[in-house]
Amino acid sequence: MRKLLTVIFDTFFPPSPSQKILDSFRGEPKNLYSEGVFESVTYLSHYQNPFIKAAIKENKFHHNKTASKFLAGILDEWVKKQDKDIVFIPIPLGSNRQRERGHNQVESILASSSKQLNIMNNLLYRVTETTPQSHLPRKERLLNMRNVFEIKDIRGMTGKHIVVIDDVVTTGATLKAARAKLAPHLPSGTTISCVAIAH
Numbered sequence: 001m002r003k004l005l006t007v008i009f010d011t012f013f014p015p016s017p018s019q020k021i022l023d024s025f026r027g028e029p030k031n032l033y034s035e036g037v038f039e040s041v042t043y044l045s046h047y048q049n050p051f052i053k054a055a056i057k058e059n060k061f062h063h064n065k066t067a068s069k070f071l072a073g074i075l076d077e078w079v080k081k082q083d084k085d086i087v088f089i090p091i092p093l094g095s096n097r098q099r100e101r102g103h104n105q106v107e108s109i110l111a112s113s114s115k116q117l118n119i120m121n122n123l124l125y126r127v128t129e130t131t132p133q134s135h136l137p138r139k140e141r142l143l144n145m146r147n148v149f150e151i152k153d154i155r156g157m158t159g160k161h162i163v164v165i166d167d168v169v170t171t172g173a174t175l176k177a178a179r180a181k182l183a184p185h186l187p188s189g190t191t192i193s194c195v196a197i198a199h
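In terms of our numbering, the sequence shown is residues 1 to 199.
Following this line, the structure appears as C-alpha cells:
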C-alpha cells in the first residue's frame with residue numbers, strides 16, 4: 001500500500017533530479033567527509049561529488065530535511081575532532097532571500113546536527129542585499145561583498161572559538177567578508193575561523 005501511495009505521489013509531484021540522486025545514496029554521509037583548505041577556509045567535502053551537490057541544492061532551494069541531515073552528518077565528523085569551545089555563526093541571508101527560501105540553509109544544517117552545537121544566528125547580519133554570488137565572476141564576487149555585513153555586541157564571546165560557517169565556498173569572498181567584519185571586535189582570548197560544508 002505504501003509503495004502504491006509513493007508511486008501515485010511521485011506521478012503527480014515528481015521528485016527533482018537532485019532529490020533522485022540523493023535518494024540513490026547508499027552508505028553514511030560521513031564517508032564523504034574530505035577535509036581541505038581553500039583561501040584560508042576549511043572545507044569538509046567536495047561539491048563536485050554528485051551526492052554532495054544534490055544535498056546542497058535540495059537543502060538550499062527545497063528546504064529538504066533529509067538533505068540538511070545528510071550535510072549535518074558531514075559537519076559532525078569535523079565537530080567531533082575539535083577540542084575548542086566553539087560558537088557557530090552561520091552566514092546570514094538578506095531578508096528578501098530569506099523570505100523567498102523560507103529558511104537559512106546553513107541554519108538548517110546546524111539544526112540537523114546530532115551534536116549539541118552552540119549557535120549564534122543573531123550576531124552577524126546583512127545590511128545590503130547582494131546579487132547571488134553564483135551569478136558573478138571571481139572579481140565581481142569580491143566587490144559584491146564589500147560592506148555587506150554588520151555585527152551586534154560580541155563581548156560575551158570571550159574565550160570562545162568563533163566558526164563562521166557557510167554551505168559552499170567558491171572564491172571565499174562571503175566568508176572572508178564576514179570574518180573581516182568580526183575580527184577587529186573579538187574579545188580577548190577569542191579566535192575565529194571559517195568553515196564551509198563543501199568546495
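Quick reminder that beta carbons are idealized off the backbone N, C-alpha and C, glycines included.
| Check | Outcome |
| --- | --- |
| Nearest-angstrom Cα separation, counted from Ile154 out to Ser188 | 11 Å |
| Under 8 Å between C-beta atoms of Asp167 and Ile197 | yes |
| Per-residue burial, Ala173 [other beta carbons within 10 Å of its own, 16 or more giving buried] | buried |
| As assigned by DSSP and simplified to three states, the class of Glu107 | helix |
| Stretch-stretch touch, CB-based, cutoff 8 Å, three pairs: the region 37-55 with the region 111-127 | no |
| CA nearest to the CA of Glu150, picked from Pro132, Arg26, His185 | His185 |
| Stretch pair the region 100-114 + the region 66-83: three plus CB contacts closer than 8 Å | yes |
| Cβ neighbours of Ser18 in the same chain (closer than 7 Å, five flanking residues each side left out) | Ala54, Lys57, Glu58 |
| For Thr174, the first and last residue of its enclosing alpha helix (DSSP H) | 173-182 |
| Nearest-angstrom Cβ-Cβ length linking Phe88 and Val169, presumed shorter than 8 Å | Phe88 to Val169, Cβ: 15 Å. No contact. |
| Reference Ile74, options Lys160, Arg101, Tyr33, Lys80, closest by Cα | Tyr33 |
| Whole runs of the alpha helix (DSSP H) within the region 16-80, excluding any shorter than 4 residues | 17-23, 50-62, 65-79 |
| Assigned secondary structure, Arg97 (DSSP; H/G/I helix, E/B strand, else coil) | helix |
| Alpha carbon of Thr158 to alpha carbon of Leu182, nearest angstrom | 13 Å |
| Asn64 versus Ser108 - alpha carbon distance | 9 Å |
| Residue range of the beta strand (DSSP E) that includes Asp166 | 161-168 |
| When Ser40, Leu44, Glu100 are compared against Lys81, the one with the closest alpha-carbon | Leu44 |
| Straight-line gap, Ser24 to His161 (C-alpha atoms, nearest Å) | 37 Å |
| Presumed contact (8 Å Cβ cut-off) between Val127 and Ile165, rounded CB distance | Actually they are not in contact, since the Cβ atoms of Val127 and Ile165 sit about 20 Å apart, beyond 8 Å. |
| Residue burial classification, Val37 (beta-carbon count within 10 angstroms, cutoff 16) | exposed |
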